[in-house]
Amino acid sequence: MYEASQALWANWLYPRLVANGTYLWLFALVMVLEYYSMVFLRSKAAIGFTPRMLMGCLLCYHLYIYSFPAGFFRPVLMLLCSVCAHICIYSCFRLEKAALLSGEVSFEQPRGAFFRLPYPVWQGDLPPLWS
Numbered sequence: 002m003y004e005a006s007q008a009l010w011a012n013w014l015y016p017r018l019v020a021n022g023t024y025l026w027l028f029a030l031v032m033v034l035e036y037y038s039m040v041f042l043r044s045k046a047a048i049g050f051t052p053r054m055l056m057g058c059l060l061c062y063h064l065y066i067y068s069f070p071a072g073f074f075r076p077v078l079m080l081l082c083s084v085c086a087h088i089c090i091y092s093c094f095r096l097e098k099a100a101l102l103s104g105e106v107s108f109e110q111p112r113g114a115f116f117r118l119p120y121p122v123w124q125g126d127l128p129p130l131w132s
């Protein structure tokens, strides 16, 4: 399921539990983090580290918000955004840079980690030039 849609589900399931605008901020933040992970996470270290840390930050934020529904939600939201930005910058400058310099990630191999599927997948590639 699309992870950013959790804001919509939370709005339907828990109406008026948190302050106005919180779900929209969360939707925007998670959508930006999803696009970041699709574009910038290419090495094995970054693929293993960054989503877990971001999920931990979001989990801590949700635990705080649902424990104290109207308690300082904007400063905590800004803290969440800054910590997520710090994690993203760290993974770009430390993890991805090291993988690029070591040759783990290159133009020929754009990802450091691949997952095998237990079933055959149709290859929807463009036809070769000689066809």
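Once you know that position 45 of the sequence shown is 46 in our numbering, the rest is easy, because the numbers rise by one and skip nothing.
For glycine and all other residues, C-beta sits at the position ideal for the given N, C-alpha and C.
- A distance below 8 Å separates the beta carbons of LEU78 and TRP26.
- Annotated as proximal: CYS58 and CYS85, with beta-carbon spacing under 8 Å.
- At a Cβ-Cβ threshold of 8 Å, SER107 and PHE50 do not count as neighbours.
- Pairing TYR37 with GLY22, the inter-Cα distance amounts to about 23 Å.
- The beta carbon of LEU55 lies closer than 7 Å to those of LEU34, CYS85 and ILE88 in the same chain, with the five residues before and after it left out.
- LEU30 places its beta carbon less than 8 Å from that of CYS82.
- One alpha carbon belongs to LEU96, the other to GLN110, and they sit about 16 Å apart.
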